[in-house]
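*Asks:*
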Amino acid sequence: MPLSARNNLTGTVKSLKTDDIMAEVVVELGDGQTVTSTITRSSADRLEIAEGDEVSAVIKASEVMIDKD
């Protein structure tokens, strides 16, 4: 399915943490960097995401958030 988002990163699910409502998915990219995404638990369940799965992280430029520790 074609997408309008141009930033499509393929990687492997490094970790998956879930609670009753949300899921945090850490995707390791080919160069060793990681992308972390927070999605709903129902989306994670529907996609049947598990550690080791190959996934695509689709990033829409207007939806990027920045965090500083």
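The sequence shown lines up with residues 2 to 70 when you count with the numbering used here. Even for Gly, the Cβ is constructed at its ideal location relative to N, Cα and C. Here the structure is a predicted model, which means the values were calculated and not measured.
1) Tell me the residue span of the beta strand (DSSP E) that contains serine 38.
2) Roughly how many angstroms separate the alpha carbons of aspartate 54 and valine 26, rounded to a whole number?
3) Give the C-beta separation of threonine 35 and methionine 23 to the nearest angstrom, bearing in mind that I take them to be a contact with Cβ-Cβ under 8 Å.
4) Thinking just about the alpha-carbon of each residue, which of Leu30, Ile50 and Thr19 is nearest to the one in asparagine 8?
5) Roughly how far, in whole angstroms, is the beta-carbon of leucine 17 from the beta-carbon of alanine 51, given that I think they are within contact range, below 8 Å?
*Replies:* Inspection of the coordinates gives the following:
1) 35 to 41
2) 11 Å
3) Going by Cβ atoms, the distance from threonine 35 to methionine 23 rounds to 18 Å, so no, they are not a contact pair.
4) Leu30
5) 7 Å
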